[in-house]
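See below for the structure under consideration.
Numbering (UniProt numbering), first residue to last: 1 to 419.
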């Protein structure tokens, strides 16, 4: 068996090098992303007969059917790639072929599960290696086909492709991008400037603004979110704004974060500066008692602990908020500097609490605003406040979706100017 490594800027060029040297008979043993591109390891003149050797404990026809289905899927995938090089119009057929490949791989998984149920026997190491090599090659072909599909779409609809690329660079999610593209319904004669203007309008309409003003509405308000999202700073800004407008007599601050050492010290500092009472909730001082003692206050702001989703104390905190006899409005605090997956995970964790809106923080520190915009748009979560800066109470803006979109566009232009 001959083994050789190939390096290229992308998977398409790497596969081209393989075909030029070995033709279509090479098997990909592995493919990895490396600095400057991709590395793939290929083999030729390998013993394909191992794919047809029965595993111990199985009847002769079972392993043959399995390996033949994999070999058939691999051959079909190769055919798809060869045809796609000459004809970009086969993308839809290629997608169908990939679906059949996935079905074939699923058949293999079912067969392996059957082997375990029949007696826990394992396939021989050479057969397992051959199957992994075939899987790796199919994955490489799948990645190559995905790149070809993108190039084909760019050739057929260049303006649409340019809009999608810019939205993606902005940080927008795939779901949000697809809704925008569907809504603007570009035709073949569309100009990029007009298409982009339509996309921006869809951005503005897709991001919801919160209608309630916490300071004027009053009541009991809790701020939820991960550690470091900016909950305490937001509460300090709101408390300072309230004191400037209405005085310090009818506002109080509460913290449920008794889990971290001195976690409540920042809130107590705000309280001392503003002349506002601060209550700490712990095992000896339950939330219900604190709220009853503060029932005469027009506004009570609750700073919650940002705990790991697997921390048992998180469920204790949720039960404490849910069991309160006083109605508590809840707002999710998210940092614009967080990754899209982190933002979505935070939303999924706190969604069952019944969120009334969200506060976007650290917009001044972010390199893009699309991640926060997408969270709001994808989950129909209204933005109530936007925080950008450390000045209290100045750097807090009432929820304005147009402002969030505008700042995100400015950040995009800054990125492009730096290229």
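We put the CB at the ideal spot given by N, CA and C, even for glycine. On a predicted model such as this, the values are computed, not experimentally measured, just so you know.
{"Check": "3 or more residues per run - each beta strand (DSSP E) lying fully within the segment 324 to 383", "Outcome": "328 to 335 and 357 to 361"}
{"Check": "Every unbroken alpha helix (DSSP H) inside the segment 210 to 261 [4 residues or more]", "Outcome": "214 to 217 and 231 to 246"}
{"Check": "Through-space distance from residue 290 to residue 270, alpha-carbon basis", "Outcome": "18 Å"}
{"Check": "Local Cβ density within 10 Å of residue 214, reported as buried at 16 or more and exposed below that", "Outcome": "buried"}
{"Check": "Limits of the unbroken beta strand (DSSP E) element including residue 423", "Outcome": "The structure shown does not extend to residue 423, since the chain spans only 1 to 419, so no value can be given for it."}
{"Check": "Alpha carbon of residue 364 to alpha carbon of residue 36, nearest angstrom", "Outcome": "32 Å"}
{"Check": "Alpha-carbon to alpha-carbon, residue 374 and residue 20", "Outcome": "43 Å"}
{"Check": "Which of helix, strand or coil DSSP assigns to residue 27", "Outcome": "strand"}
{"Check": "For residue 401 and residue 368, the rounded distance between their alpha carbons", "Outcome": "15 Å"}
{"Check": "Supposed close pair residue 404, residue 237 - CB separation, criterion 8 Å", "Outcome": "That pair is no contact at about 17 Å."}
{"Check": "Reference residue 481, options 329, 283, 257 and 242, closest by Cα", "Outcome": "Residue 481 lies beyond the residue range present for the chain, which begins at 1 and ends at 419; the question has no answer from this structure."}
{"Check": "From 31, 277, 321 and 323, residue whose alpha carbon lies closest to that of residue 139", "Outcome": "31"}
{"Check": "Where residue 229 falls, given that 16 or more other Cβ within 10 Å makes a residue buried", "Outcome": "buried"}
{"Check": "Through-space distance from residue 305 to residue 463, alpha-carbon basis", "Outcome": "The displayed coordinates of the chain run from 1 to 419. Any statement about residue 463 would go beyond what the structure contains."}
{"Check": "First through last residue of the alpha helix (DSSP H) which encompasses residue 165", "Outcome": "158 to 170"}
{"Check": "Beta-ladder partner(s) of residue 398, from DSSP", "Outcome": "385"}
{"Check": "Local Cβ density within 10 Å of residue 38, reported as buried at 16 or more and exposed below that", "Outcome": "buried"}
{"Check": "Beta-carbon separation (whole angstroms), residue 331 vs residue 359, contact threshold 8 Å", "Outcome": "6 Å"}
{"Check": "Cβ pair residue 2, residue 41 closer than 8 Å", "Outcome": "no"}
{"Check": "Cβ-Cβ distance between residue 243 and residue 279 below 8 Å", "Outcome": "no"}
{"Check": "Length of the line joining the Cα atoms of residue 16 and residue 172", "Outcome": "33 Å"}
{"Check": "Stretch-stretch touch, CB-based, cutoff 8 Å, three pairs: the segment 305 to 321 with the segment 218 to 229", "Outcome": "yes"}
{"Check": "Helix, strand or coil at residue 315 according to DSSP, with G and I counted as helix", "Outcome": "helix"}
{"Check": "Cβ pair residue 350, residue 167 closer than 8 Å", "Outcome": "no"}
{"Check": "Buried or exposed by the 16-neighbour rule on C-beta atoms within 10 Å, applied to residue 34", "Outcome": "exposed"}
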